[in-house]
Amino acid sequence: MRKLAVGLTLFLAACATGIVSSTDDGTGGTTTTGTTTTTGTTTTTGTTTTTGTTTTTGTTTTTGTTTSTTTTGTTTSTTTTGTTTSTTTSTSTTTSTTTSGCVVTDILQDGGFEAGAGSGNWIESSTNFGTPLCDSTCLSPGALFGPYAGAWFFWAGGIAGAYEDASVSQMVHIGVGTATLEFRFAIPSCDGYGWDAFEAAIDGTQIFFADDLDPSCGVNTYALKSFDVSQWANGGNHTVAFHGITDSLIAATNFLVDSARLVACP
Ligand SMILES: [Ca+2]
Numbered sequence: 002m003r004k005l006a007v008g009l010t011l012f013l014a015a016c017a018t019g020i021v022s023s024t025d026d027g028t029g030g031t032t033t034t035g036t037t038t039t040t041g042t043t044t045t046t047g048t049t050t051t052t053g054t055t056t057t058t059g060t061t062t063t064t065g066t067t068t069s070t071t072t073t074g075t076t077t078s079t080t081t082t083g084t085t086t087s088t089t090t091s092t093s094t095t096t097s098t099t100t101s102g103c104v105v106t107d108i109l110q111d112g113g114f115e116a117g118a119g120s121g122n123w124i125e126s127s128t129n130f131g132t133p134l135c136d137s138t139c140l141s142p143g144a145l146f147g148p149y150a151g152a153w154f155f156w157a158g159g160i161a162g163a164y165e166d167a168s169v170s171q172m173v174h175i176g177v178g179t180a181t182l183e184f185r186f187a188i189p190s191c192d193g194y195g196w197d198a199f200e201a202a203i204d205g206t207q208i209f210f211a212d213d214l215d216p217s218c219g220v221n222t223y224a225l226k227s228f229d230v231s232q233w234a235n236g237g238n239h240t241v242a243f244h245g246i247t248d249s250l251i252a253a254t255n256f257l258v259d260s261a262r263l264v265a266c267p
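Using this note's numbering, the letters of the sequence shown correspond one by one to residues 2 to 267.
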């Protein structure tokens with residue numbers, strides 16, 4: 002029995018799009034099938050065919066000729082050359098041709114931690130447990146929390162009476178353009194003394210911070226956290242990390258992360 006059975010569940014991502022599946026359509030473009038969620042700035046080159054449900058929020062910059070066909074739902078979109086701002090929620094078939102930019106994708110390896118502890122996708126560290134990655138074998142009987150999706154999740158803290166420092170980190174190559182870091186986050190229980198803290202960071206720069214006095218303490222539901230990290234989209238290698246420290250007081254704080262994504266140009 003590894004950690005206190007108190008609270009529970011959470012998700013993370015990047016730049017612009019959650020593409021379920023993509024293939025080269027032979028025209029220099031991309032064919033996408035499934036559910037796509039786009040946040041931020043997207044620039045597309047080539048011919049793109051999309052089938053499924055597309056939700057777009059933010060600014061889309063299109064250069065060239067764009068042709069859109071909507072079959073079901075309501076679409077507010079596009080035009081020709083210049084800058085287009087649109088908010089679209091629809092079920093549609095869209096064909097577009099553009100001429101510049103890059104196709105964004107999730108470049109994080111195993112952001113949902115489903116490869117399990119010791120997979121090599123993440124550098125894992127935990128003072129008391131060897132790894133902060135957990136599945137059901139970490140949970141006490143009757144635990145009220147667990148992963149946001151799948152079986153595995155990141156768990157910092159969860160121990161009373163001992164100092165715990167838990168982290169995972171991963172180096173990624175981020176192309177030139179834009180990038181967005183997203184994840185699911187929850188703090189199902191807090192000891193409330195203000196000493197326990199969690200951060201998400203890139204190259205040591207804090208992107209997100211929460212402590213055991215956070216308003217979401219005790220909330221047993223994962224919240225989506227999303228951050229524009231385009232300042233690191235410069236064609237270089239960068240380290241993404243999740244890190245939590247908890248003190249040795251008698252109550253335990255639990256910081257949970259799951260379903261992380263870094264959406265950027267490859
Ligand atoms: Ca997971």
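No residue lacks a Cβ here, since even glycine has one placed at the ideal position from N, Cα and C. Only a predicted model underlies this, so the values are computations on that prediction, with no experimental measurement involved.
- By the Cβ neighbour-count rule, residue 147 is buried, with 16 or more other Cβ atoms within 10 Å of its own.
- A direct Cα-Cα distance of roughly 14 Å separates residue 178 from residue 238.
- The C-beta distance from residue 234 to residue 180 rounds to 4 Å, short enough to fall under 8 Å.
- A distance of 8 Å or more separates the beta carbons of residue 200 and residue 227.
- Judged by the Cβ position, residue 114 qualifies as a neighbour of ligand 1 at the 7 Å threshold, a heavy atom of the ligand being closer than this.
- For residue 231, the three-state secondary structure derived from DSSP is helix.
- The residue among 218, 145 and 187 with its C-alpha nearest the C-alpha of residue 194 is 218.
- Taking 8 Å as the upper bound for CB-CB distance, residue 213 and residue 192 are in contact here, some 6 Å apart.
- By the neighbour-count definition (other C-beta atoms within 10 Å, threshold 16), residue 210 is an exposed residue.
- With fewer than 16 other Cβ atoms from the protein chains shown falling within 10 Å of its own Cβ, residue 204 counts as exposed.
- When secondary structure is reduced to three states using DSSP, residue 135 falls in the strand class.
- Inclusion of residue 150 and residue 157 in the CB contact set at 8 Å is not warranted, their separation being larger than that value.
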